[in-house]
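In this note's numbering, each residue's number is its place in the sequence shown (first place is 1) plus 51. Built from N, CA and C at the ideal position, the CB exists for glycine as well. For reference, the structure discussed in these notes is given below.
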Amino acid sequence: MIGRLLLNHPDAARRVGVFFVLAAIAAGLYGLGIKASWLGKLVPWSVEWLAANPDVGRAVSAVLIALILVANWNALRYLSRKQQIVAVWIELFVLLMLFFYSFDLSFAFIAKKIGFLVSKGVVTTLYISAISIAIATLIAFVGAIAKLSRNGVVYGLATFYTSLFRGLPLLMQIYIIYLGLPQIGYVIGAVPAGIMALSLCYGAYMTEIFRAGIESISRGQTEGATALGLSANQTMFLVILPQAMRVIVPPTGNQFIAMLKDSSLVSVVGVWEIMYLARTQGQTEFRHIEMLITASMIYWLLSMGLEFLQSRIEDRFGGAHSSAEVIRDLRQSELHSTATASFGEQLQIVRESTPFGDVVKGESARYFSGLARSEGRIEQVLDEHVRWPASRQLRPIAGRYVSMVAEFATWFARQWFARCQPHDSVHALHSQTHRRGFPGMKLGMVFRSLEVGVFGGRP
């Protein structure tokens with residue numbers, strides 16, 4: 052990477068060369084005995100003079116830091132974006148380690164205690180956090196559904212819960228649960244009390260996240276699913292939630308990371324998690340700062356693990372796929388048309404499969420987008436073209452898609468019938484569809500049969 056940088060930017064190469072020459076001269080002076088030279092005598096005098104003039108010393112330090120930052124910025128400009136990110140992370144991490152190193156830490160003490168801190172503290176922290184995350188997620192989903200309910204009692208319970216547990220500090224909730232429940236005869240351990248407090252507190256925050264994510268999906272999705280004959284549960288789990296996840300996951304991931312860090316608050320009731328062990332182990336030899344820094348690094352590593360998991364989940368629910376992947380995934384799926392109860396037996400003869408990926412051109416794209424959305428998919432509208440994109444994370448709803456609104460059915464059947472020779476037979480219209488070589492218009496045959504069987508006769 053460095054060699055390619057120097058070859059592509061000769062000016063930077065010359066500057067680097069000058070730097071190395073000056074560094075070599077300084078090394079040579081040091082090897083010859085810099086203390087005996089005039090430069091060696093000048094350095095102590097300069098240090099003493101700056102110490103005697105602190106304002107000037109601070110100004111000189113500020114200027115030197117500014118020059119270093121400018122030089123670093125100019126050097127990073129020649130790197131690619133990915134290389135810039137890696138370089139900035141490395142530089143900041145080195146500065147952080149130098150900051151900690153200036154504390155005169157006892158690394159031998161850290162090495163002696165870190166094994167117990169990880170084997171006991173990390174395991175307990177992960178145990179509390181994992182269970183709290185699972186319970187809080189369940190509470191948030193139920194609370195979001197309750198806040199979207201039209202039942203006044205259910206809505207009132209949900210709003211009271213979110214208002215109460217978002218309004219009380221988490222530390223106070225831990226104390227109330229751990230010390231208050233025994234007052235009414237329910238003795239609870241420290242770990243269950245911590246899990247209960249974390250779950251209730253973060254469940255209230257996540258309730259609003261889930262509610263906002265569900266409400267971000269347009270009402271047309273629910274109406275389309277209802278027209279398909281899906282139940283309320285099927286609509287929620289197969290159509291609404293898969294699309295809402297791309298809105299829910301990012302803030303929910305942040306709540307999980309905050310919950311992991313706030314698990315340190317359960318140390319106040321004696322739980323042997325990371326923070327509790329860091330405090331107690333540091334008291335043995337009055338090495339508090341060593342244990343606190345070690346605990347902070349452990350929390351950081353665990354948080355980075357959750358960040359990575361969050362990014363993977365975001366890619367799963369909201370990541371973009373290449374065009375080749377989209378076409379391949381769509382061709383591997385099939386949507387089978389079957390009759391629904393609302394249209395009787397007139398459409399029982401239609402058993403054709405329509406592969407995903409077909410393009411519907413023209414004004415029909417506006418109507419076809421409703422069908423694409425009703426399948427729990429997000430369509431891409433480009434120049435009046437609608438594609439059915441791949442949705443690996445969404446389960447395709449097989450069949451029962453012909454039960455659309457009458458407006459769409461009538462319009463589509465009329466448009467397609469106008470393109471063909473007049474046929475009263477559905478089978479003849481089917482053969483005409485294949486002969487025309489436009490598989491996306493197979494739906495025209497479906498809705499023509501719908502019009503003949505339901506609305507009666509030719510248009």
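Report task. Could you tell me how far apart the beta carbons of VAL317 and ILE179 are, in whole angstroms, since I believe they sit closer than 8 Å? Result -> 6 Å
Query raised in the report: Excluding five sequence neighbours on each side, which residues of the same chain lie with their C-beta closer than 6 Å to the C-beta of ALA209?
Result: GLY194, ALA197, LYS198
**Report entry** Cβ-based burial, GLU142 [other Cβ within 10 Å; buried from 16]
**Finding:** exposed
Requested in this report: Return the first residue and the last residue of the alpha helix (DSSP H) that TYR253 is part of.
Outcome: 241–266
**Report entry** Runs of alpha helix (DSSP H) wholly within the segment 209–237 (minimum 4 residues, chain order)
**Finding:** 221–226
Requested in this report: Measure from the alpha carbon of ASP155 to the alpha carbon of each residue in GLU274, ILE344, MET310, then state which is nearest.
Outcome: ILE344
Query - Contact set for THR213: own chain, Cβ-Cβ below 7 Å, skip 5 residues either direction - result: GLY194, ALA255, THR258, GLU259
Query - Entirely enclosed alpha helix (DSSP H) segments - the segment 127–163, minimum 4 residues - result: 132–152
Query raised in the report: With DSSP run on the structure shown, which of helix, strand or coil describes VAL322?
Result: coil
Query - Residue burial classification, LEU311 (beta-carbon count within 10 angstroms, cutoff 16) - result: buried
Query - Beta-carbon proximity of GLN272 to VAL290, cut-off 8 Å - result: yes
Query raised in the report: Does the Cβ of LYS163 have 16 or more other Cβ atoms within 10 Å, making it buried, or fewer, making it exposed?
Result: exposed
Query raised in the report: Where does VAL453 land, buried or exposed, given buried means 16+ other C-beta within 10 angstroms?
Result: Residue confidence for VAL453 is low, a pLDDT of 34 falling below 50, so the modelled location carries little weight; the figure read from the coordinates is stated next. With 16 or more other Cβ atoms within 10 Å, it is buried.
Query - Rounded separation between GLN361 and GLY304 - CA only - result: 6 Å
**Report entry** Spatial distance of ARG132 from GLY218 (CA atoms)
**Finding:** 43 Å
Query raised in the report: Which word fits GLY280, buried or exposed, when buried means at least 16 other C-beta atoms lie within 10 angstroms of its C-beta?
Result: exposed
Query - Three-state class that DSSP yields for PHE337 in the structure shown - result: coil
**Report entry** Delimiting residues of the alpha helix (DSSP H) encompassing LYS171
**Finding:** Taken as a continuous stretch (DSSP letters only), LYS171 belongs to no alpha helix (DSSP H), as it is neither H nor E.
Query raised in the report: Which value, in whole angstroms, describes the spacing of the CA atoms of LEU120 and VAL139?
Result: 12 Å
Query raised in the report: Is the number of C-beta pairs between the segment 282–296 and the segment 232–244 that are closer than 8 Å three or more?
Result: no
Query raised in the report: How is VAL377 classed by DSSP in three states: helix, strand or coil?
Result: Low per-residue confidence applies at VAL377: pLDDT is 38, beneath 50, and the placement is therefore not dependable enough to give any value.
Report task. Identify whether ILE200 lies in helix, strand or coil by the three-state DSSP scheme. Result -> Correcting the residue type first, residue 200 is Ser in the shown sequence and not Ile. Looking at SER200 - three-state DSSP - the assignment turns out to be coil, as it is neither helix nor strand.
Query raised in the report: What three-state label does DSSP hand SER282 in the structure shown?
Result: coil
Query raised in the report: What three-state label does DSSP hand SER315 in the structure shown?
Result: helix
Query - Distance between beta carbons of ILE349 and VAL173, contact taken as under 8 Å - result: 6 Å
Query raised in the report: Skipping 5 residues on each side, what residues in its chain have a beta carbon closer than 8 Å to that of ILE239?
Result: ILE228, TYR229, LEU232, PRO233, MET247
Query raised in the report: For LEU357, which option in ALA309, GLU336, TYR327 has the closest C-alpha, if you only look at C-alpha atoms?
Result: ALA309
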